[in-house]
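Notes to accompany the following structure.
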Amino acid sequence: MRLVALDADGGRLDEEETGADGLPALVARWEAEHSPRWVWSDAAAWSPRLLAAGVRVQRCHDLRLVHRILRHSALVHDAQALRAADVWDTPLDPPEPVRDAGATLFDLEATSPRSGAVPSDLEETLAEHARQRTALSRAEDPARLRLLVAAESAGALIAAELQAAGIPWDVTEHDRILTAALGPRPAPGTPPSRMVAAGAEVRAALDDPLVPLDSPPKLLRALHRAGIDVPSTSQWELQQHQHPAIEPLLRYKKMSRLLTANGWTWLDEWVHEGRYRPVYVPGGVVTGRWASSGGGALQIPRQLRPALRADPGWRLISADVSQLEPRVLAAMSGDTAMIAAGAGKDLYSGIVEAGIVQTRQEAKIGVLGALYGGTTGDSGRVVPRLRRNFPAAMALVDGAAATGERGGTVTTWLGRSSPALEESWSQAQRAANQVDAAAGQQEAARRSARERGRFTRNFVVQGTAAEWALSWMAALRLQLARFEEVPETVAAAASGPVFSRRAHLAFFLHDEVIVHAPAEQAEAAATAIREAADAAGRLLFPGSAIDFPLDLKISERSAQK
DNA sequence: GTTCCCCGCGCG
DNA sequence: AAAGCGCGCGGGGAAC
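For the first sequence, my numbering begins at 942 and goes up steadily by one.
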């Protein structure tokens, strides 16, 4: 394969050829000599093989991810050429981890580039890069879009690095939690003892020795037969009722969830040599949030947090942002009252102290209602008060909702736009507005419009929060990469060649990061996390008084909240 | 026998 | 307690 060096205007400066085996060494040399921004087809395809060889790059431009932003962004006016190149519009997940070691027939496929992936040959890579450069240079507000492009690309590197380093995971502690909750690990195919016991209690209370507790339709019929009149078997419906079967059933459901989602089978499949290596999917959510694929990385139950444990002589530094989304909304809208309510403290308490609501819980429900479009219950009662006290913030989300109800497109702070609607949606709306439209048709169209409005209302805030989080992690990653290496004697070998001797990101969850660091670097890592949060705030909202306070802890074990 | 959808629930 | 947004996953069971 060939590497080409380009100048700032896209002109060719230099090029070099190498075989696949020589690639990491050549990349390492160019990285050291030029510190370039690597333009490549897809970090998810290139980065893992470099990391495995002990090579890390500082910056990249991920053509696949950037393409998906630019082709939809309302800030890009001249996108015909980009949209025509639709092989680049690929949502492809990273390759499946090889689960079946016996599948030798497919070994070749597992190590070669992914079938159906974006092009990776030099000419098409250069052509797409040129299209993206053109689109960016002609965009409205190119500076913001360039921040987004850089942040999204940094995210692609971080996702690959998080997977390579892994989360230090204490199998013994995980087993202890499972055993305490479920009973000792049972033989394969048999349920654990405490589930068996809870199941027996439910069946006795229902006076029905054969109820299949794992089949919602059958369980629902059995509940009805016992006189428990619930519309579904969900826990919050069950909690409304008094019956001796309810308590053991809820207990059974909790245990069943833990066992099937994160039980011993999960442990065997996903934790190896003390590391859980989740598959992150940057840009996997329409709003720009990350998704995950396999292992449920973004749904690790809080109950299992104690199983995250630093290697000997290392620490975990976990930090989450307090009320990220409302703060992002306050900053975007420049709502001075809302910014002031959160300044240096808990935003919800600030709303109470400003005399807008009585309790922190009310403040939280009201703010979530504002972000999600809640109209009923407590949230519906509090939102109007927020609308009076935070007019700019509420105007921003109300405006986004109104745009969505009309079928319009909304755009995040840095330029990611909501996906286009199906033509059938607009047709249904038009049809419902004809004089002869049936009442049911009109009601369905109104409901669908309101749903779209709630989606676009939330999109601008959730999407901008995702941009803030990417900027935070990108700044943090570069700072951590400058830390000194610690001696081989305290290396965390399981973190792999790039990360075993230096503080590194180990976990990310929307508004939370965990860094795994040698004990002597823990304080410095904590400082870096705080500085990166401040930097992200200034980068996205220069001149704004908004702050992003962190809840940060240094420990050997990740504490349960 | 395989594929797809729904339910329910974990996370933010 | 959920509600109002965004996800992934396992299990059951219908559809193919």
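The C-beta atom is built at its ideal place from N, Cα and C for all residues, glycine as well.
Requested in this report: Could you spell out where the beta strand (DSSP E) holding VAL945 opens and where it closes?
Outcome: Segment 943-947, the beta strand (DSSP E) holding VAL945.
**Report entry** Assumed close pair LEU1016, LEU1063 - CB separation to whole angstroms, cut-off 8 Å
**Finding:** LEU1063 and LEU1016 do not touch by the CB rule: their CB atoms are close to 29 Å apart, not below 8 Å.
Requested in this report: Note down the Cα distance separating ALA1467 from ILE1495, rounded to an integer number of angstroms.
Outcome: CA-to-CA, the gap between ALA1467 and ILE1495 works out to about 8 Å.
Report task. Below 8 Å on the Cβ atoms is my guess for ALA1284 versus ALA1071; work out the distance and round it to an integer in Å. Result -> Rounded to whole angstroms, the Cβ separation of ALA1284 and ALA1071 is 46 Å, and the two are not in contact under 8 Å.
Requested in this report: Could you tell me whether the Cβ atoms of PRO1428 and TRP1255 are closer together than 8 Å?
Outcome: No, they are not a contact pair.
Report task. Could you say if the region 1433-1449 and the region 1098-1109 meet the contact criterion of at least three C-beta pairs nearer than 8 Å? Result -> The region 1433-1449 vs the region 1098-1109: in contact.
Report task. Please report the residue range of the alpha helix (DSSP H) in which HIS1445 lies. Result -> Counting along the chain, HIS1445 falls outside any alpha helix (DSSP H), though it belongs to the beta strand (DSSP E) covering 1445-1449.
Query - For ALA1458, three-class secondary structure by DSSP - result: Reduced to three states, the DSSP call for ALA1458 is strand.
**Report entry** PRO1247 versus SER1499, ASP950 and ALA993, residue with shortest Cα-Cα distance
**Finding:** Looking at the Cα atoms, SER1499 is the closest of the given residues.
Query raised in the report: Can you tell me where the alpha helix (DSSP H) with GLU1294 in it begins and where it stops?
Result: From DSSP, the alpha helix (DSSP H) with GLU1294 extends over 1288-1294.
Query raised in the report: Using the C-alpha atoms, what's the distance from ARG1479 back to LEU1491?
Result: Taking the straight line joining both Cα atoms gives about 15 Å.
Requested in this report: Consult DSSP for TRP981 and reduce its assignment to one of helix, strand or coil.
Outcome: Here TRP981 sits in strand by DSSP.
Query raised in the report: In the DSSP assignment, what are the bridge partners of LYS1494?
Result: Beta-bridge pairing links LYS1494 to SER1259.
**Report entry** Touching by the beta-carbon criterion (3+ pairs, under 8 Å), the region 1223-1241 and the region 1089-1103
**Finding:** Contact check between the region 1223-1241 and the region 1089-1103: three or more CB pairs, one atom from each, fall below 8 Å, which counts as touching.
Report task. Compare the beta carbon distance of VAL1152 and ALA1139 with 8 Å and say whether it is the shorter of the two. Result -> The answer is no: Cβ separation not under 8 Å.
Query raised in the report: Taking buried to mean at least 16 other C-beta atoms within 10 Å of its own C-beta, is THR1316 buried or exposed?
Result: Classification for THR1316: exposed.
**Report entry** Cutoff 7 Å; reference ARG1079; Cβ partners in own chain excluding five residues on either side
**Finding:** Taking C-beta separations shorter than 7 Å and ignoring five residues to either side along the sequence, the partners of ARG1079 in its chain run HIS1018 and ASP1019, following chain order.
Query raised in the report: Mapping DSSP to helix, strand and coil, what is THR1405?
Result: In the displayed model, THR1405 falls within a helix according to three-state DSSP.
Report task. Would you grab the beta carbon distance between VAL1308 and LEU1327 for me? Rounded to a whole angstrom, and I think it's under 8 Å. Result -> About 7 Å separates the two Cβ atoms, so the contact holds.
**Report entry** Close beta carbons around ALA1432, own chain, < 8 Å, minus the five adjacent residues each side
**Finding:** SER1441 and ARG1442, listed in sequence order.
Query raised in the report: Are the region 967-976 and the region 994-1012 touching, with three or more C-beta to C-beta distances below 8 Å?
Result: Judged by Cβ distances under 8 Å, the region 967-976 makes contact with the region 994-1012, as three or more pairs qualify.
Query raised in the report: Is it buried or exposed for ASN1399, if we count other Cβ within 10 angstroms and need 16 for buried?
Result: Buried: at least 16 other Cβ atoms inside 10 Å.
**Report entry** Beta-carbon proximity list for ALA1333, same chain, < 7 Å, skipping 5 on both sides
**Finding:** Around ALA1333: SER1274, GLY1275 and ASP1276.
Report task. Whole angstroms is fine: what's the gap from ALA1238's alpha carbon to VAL1439's? Result -> Going by the C-alpha atoms only, they are around 22 Å apart.
Query raised in the report: Roughly how many angstroms lie between the CA atoms of HIS1002 and MET942, to the nearest whole one?
Result: Looking at the backbone, the Cα of HIS1002 and that of MET942 are separated by about 18 Å.
Query raised in the report: Which residues in the same chain as LEU964 place their Cβ atom closer than 7 Å to its Cβ, once the five residues preceding and following it in sequence are excluded?
Result: Closer than 7 Å at the Cβ level, and outside the excluded window around LEU964, lie MET942.
**Report entry** Alpha carbon of ARG1055 to alpha carbon of ALA986, nearest angstrom
**Finding:** The predicted position of ARG1055 is uncertain, since its pLDDT is 48 and thus under 50; a value taken from the coordinates is nonetheless stated next. The alpha-carbon of ARG1055 is positioned some 8 Å away from that of ALA986.
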